[in-house]
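In our numbering, the protein residues as written are 356 to 621.
First the structure, in the form of structure tokens, and then the observations on it.
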Amino acid sequence: MERSPVNSLLRSTQALCAQLCDKETLDYGIAYYCRAFSGLPDVNQFREVVVDDPTCVVQAYEQAESWFRDRELACHRWAPATGVATAELSDMLIAHGFKARTYTAMFLNEWVDLEPADDVRILPARAMREAFRATFVDASTPMSKSARETIADAANERLNDPQYDMFVATVSGKPAGRCALYQVGDIARVLELSILDNYAGCGVDRMLVSHALRLAKRLGMSNICTQVSSDDDVAERLFTSAGFVAGESIVEFERDSDTAVDASAC
Numbered sequence: 356m357e358r359s360p361v362n363s364l365l366r367s368t369q370a371l372c373a374q375l376c377d378k379e380t381l382d383y384g385i386a387y388y389c390r391a392f393s394g395l396p397d398v399n400q401f402r403e404v405v406v407d408d409p410t411c412v413v414q415a416y417e418q419a420e421s422w423f424r425d426r427e428l429a430c431h432r433w434a435p436a437t438g439v440a441t442a443e444l445s446d447m448l449i450a451h452g453f454k455a456r457t458y459t460a461m462f463l464n465e466w467v468d469l470e471p472a473d474d475v476r477i478l479p480a481r482a483m484r485e486a487f488r489a490t491f492v493d494a495s496t497p498m499s500k501s502a503r504e505t506i507a508d509a510a511n512e513r514l515n516d517p518q519y520d521m522f523v524a525t526v527s528g529k530p531a532g533r534c535a536l537y538q539v540g541d542i543a544r545v546l547e548l549s550i551l552d553n554y555a556g557c558g559v560d561r562m563l564v565s566h567a568l569r570l571a572k573r574l575g576m577s578n579i580c581t582q583v584s585s586d587d588d589v590a591e592r593l594f595t596s597a598g599f600v601a602g603e604s605i606v607e608f609e610r611d612s613d614t615a616v617d618a619s620a621c
């Protein structure tokens, strides 16, 4: 298996953006934008940012801000091309109200059979759209009903991509969580793992990851990766138990704004 999880993740993230967004290349990066879900950081962002000259970081910021503002949009997220920001870019974005978010890139190093959990059933989300939407009803971060519905609407749009296989877990017939496998060329990315609060610690997450990996194995995918928040020890332990190995870090910057819907799990 190719040991380049950062590049694989960045490539797959670009493809995820393209599911919902239009894009335009600017001098210092690529602007992804979407009016339909304008409050989601995932759809209005500036990616593949390259500022070789540290003295140009302000110019890069002003150009991107102006571009989004001219379209009556706000840029919610910046993502450096390499996944690691320069000190100058980091300082400038933080000074303008962005917060750094660090993720750990992980790649599958070995196939591991995870212990099954009782009463957990995994089904395709396309065939269970109502149950799929129900997996957005609670989360650890407080959020309004309308915000959750917006996130669910955007997630439902992603199901139109045939390379994006989303699964819903049920326990005794009730929705308990979701997880997806996204294919981009030879890359298979496990993402969007989310468990409803009532089913935390019941093995639902383990079963969802196992199901996604079995699909990747059947498809013969040679490069299987995921990313977790660097402070999410629970998620990292789960993926480690599934045969993943932690690699480099990815740093992105998200605007700290009360007007933006927090869709970082998407």
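The C-beta atom is built at its ideal place from N, Cα and C for all residues, glycine as well.
As the structure is a prediction and not an experimental result, all values here were calculated from the model.
- The alpha-carbon of L448 is positioned some 15 Å away from that of G438.
- Around the C-beta of A442, fewer than 16 other C-beta atoms lie within 10 Å, and the residue is accordingly described as exposed.
- Contact annotation: E607 and A391 have beta-carbon atoms that are not nearer than 8 Å.
- Looking only at S363, I579, Y387, Y383, the smallest Cα-Cα distance to Q374 is reached by Y387.
- Annotation for T368: R402, A434 place their beta carbon closer than 8 Å to its own, counting only its chain and skipping 5 residues before and after.
- By alpha-carbon distance to L574, the top candidate from D541, Q418, L469, R592 is D541.
- Residue environment: Q518 is assigned as exposed (fewer than 16 neighbouring CB atoms within 10 Å of its CB, all protein chains considered).
- Secondary structure at P479: strand, using DSSP grouped into helix, strand and coil.
- Excluding its 5 nearest sequence neighbours in each direction, M483 has C-beta neighbours in its own chain below 7 Å: V523, listed in chain order.
- At least 8 Å separates the beta-carbon of P530 from that of F462.
- Residue range 432-435 is occupied by the beta strand (DSSP E) that includes R432.
- Residue environment: G558 is assigned as buried (16 or more neighbouring CB atoms within 10 Å of its CB, all protein chains considered).
- One Cα belongs to S527, the other to D586, and the distance between them is close to 32 Å.
- In the pairwise beta carbon analysis, the stretch 544-561 is classified as touching the stretch 466-473: at least three pairs are separated by under 8 Å.
- Here DSSP, grouped into helix, strand and coil, assigns Q582 to strand.
- With fewer than 16 other CB atoms across the displayed protein chains lying within 10 angstroms of its CB, A455 is exposed.
- The DSSP-derived three-state label of D560 is helix.
- Sequence-distant partners of I385 (beyond 5 residues in either direction) whose C-beta falls short of 6 Å from its own C-beta, in its chain, are K378, R402, E403.
- The DSSP-derived three-state label of V404 is strand.
- Between the beta-carbon of T505 and that of L395 there is about 7 Å, and that keeps the pair under the 8 Å contact cut.
- Straight across, the Cα-Cα distance linking D474 with D407 is about 54 Å.
- Per DSSP, C376 lies in no beta strand (DSSP E) segment and is marked neither H nor E.
- E420 is positioned such that its CB atom lies closer than 8 Å to that of C430.
- Listed as beta-bridge partners of I385 by DSSP are T380, R402.
- Counting of Cβ neighbours within 10 angstroms places V398 among the buried residues, the total reaching 16 or more.
- Spanning the alpha carbons of G602 and E465 requires a straight line of approximately 15 Å.
- Around the beta carbon of Q414, a 10 Å sphere encloses fewer than 16 other beta carbons of the protein chains shown; the residue is thus reported as exposed.
- With 16 or more neighbouring CB atoms inside 10 Å of its own CB, R533 falls in the buried class.
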